[in-house]
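Protein chains in written order, with this note's numbering: chain L, 20 to 160; chain U, 20 to 160.
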């Protein structure tokens, strides 16, 4: 049984972020989105095409370093994968540790990424980045 | 081919929230978590066991009404499912519309839910609930 594309993609992405190694992991027409507040984090949001995604991965590499990740949930299809993951990162500008939960849905073609959607627990991310809690009213009955 | 458990669970959950209909959809020992700021939304967070989950679904029903949901991504396993979804809700106290993206990973046993983990784009949720944007500094280079 050959290795699922997800594992190669995951290793290549982490090497791209931490070591700036570039490997061929993206389809020319890749469709990429990480949902979140782009005013605070300009490297979040949607990108289309290999050049734009290579650029945004470089921007992510300029801002964070990945220390550890745990895949809490995973589902694999023939050319698709979804995971819920917990990341431990360092924000490079402040040297602050950030612990982050995210979910991704990815689609591959011929071993290359053609589509990924990433959802992040963004409020938690914002509070950790600010370094202090945001006061919230209690809304529920 | 029989219907996947996800569809029955999804219908039953939406009926429980909107119409307070109770159907047997939970395993006795169900493990439930919706990650998010529980100070603002006490019906988020972790629950264990059928009674606690029935109670939290009632709390959710006290606070929101589901108008519409679109499954943007889905993966189905034999007894498991993951989706990325976009919900249109009304917050019942303020009558405010809320549009929400979430991802869930669910596990079923004998047709009943045994485990679910839900990740929400929480910053977007908080801003929509407050009704105004939270000012954020731009952090990235």
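Quick reminder that beta carbons are idealized off the backbone N, C-alpha and C, glycines included.
Cβ distance (whole Å) where residue i is taken to contact residue j below 8 angstroms
| i | j | result |
| --- | --- | --- |
| residue 122/U | residue 122/L | 4 angstroms |
| residue 59/L | residue 145/L | 7 angstroms |
| residue 52/U | residue 64/U | 7 angstroms |
| residue 45/L | residue 72/L | 5 angstroms |
| residue 102/U | residue 50/U | Contact flag wrong, Cβ pair sits at about 18 angstroms. |
| residue 83/L | residue 110/L | 6 angstroms |
Cβ-heavy atom distance, residue i to the ligand FMN, below 7 angstroms
| i | result |
| --- | --- |
| residue 71/U | Among the ligands in the structure shown, none appear at all, so the ligand FMN cannot be discussed. |
Residue nearest to residue i in terms of C-alpha spacing, selected from the options
| i | options | result |
| --- | --- | --- |
| residue 106/U | 96/U, 112/U, 115/U, 89/U | 89/U |
| residue 156/U | 124/L, 149/L, 114/L | 149/L |
| residue 108/U | 96/U, 135/U, 147/U, 153/U | 147/U |
| residue 56/U | 28/U, 31/U, 142/U | 142/U |
| residue 32/L | 61/L, 103/L, 131/L, 154/L | 131/L |
| residue 98/L | 114/L, 104/L, 127/L | 127/L |
| residue 48/U | 70/U, 111/U, 104/U, 83/U | 70/U |
| residue 29/L | 62/L, 93/L, 74/L | 93/L |
| residue 116/L | 96/L, 23/L, 87/L | 87/L |
| residue 118/L | 74/L, 112/L, 104/L | 104/L |
| residue 158/L | 158/U, 152/U, 62/U, 26/U | 62/U |
| residue 22/U | 153/U, 54/U, 95/U, 74/U | 95/U |
| residue 54/L | 120/L, 42/L, 152/L | 120/L |
| residue 91/U | 137/L, 114/L, 75/L | 137/L |
| residue 43/L | 129/L, 113/L, 152/L, 153/L | 129/L |
| residue 41/U | 113/U, 114/U, 74/U | 74/U |
Residues that residue i bridges to, as DSSP identifies them
| i | result |
| --- | --- |
| residue 51/L | 66/L, 135/L |
| residue 45/L | 132/L |
Extract the residue ranges of the alpha helix (DSSP H) inside the segment 64-126 of chain U, only unbroken runs of 4 or more that lie entirely within it. Restricting attention to alpha helix (DSSP H) runs no shorter than 4 residues, the segment 64-126 of chain U encloses them at 69-82, ordered along the chain.
Evaluate contact between the segment 29-38 of chain L and the segment 76-94 of chain L, counting only Cβ atoms and requiring at least three cross-stretch pairs below 8 angstroms. Segment contact: the segment 29-38 of chain L against the segment 76-94 of chain L, three or more CB-CB distances shorter than 8 angstroms; contact assigned.
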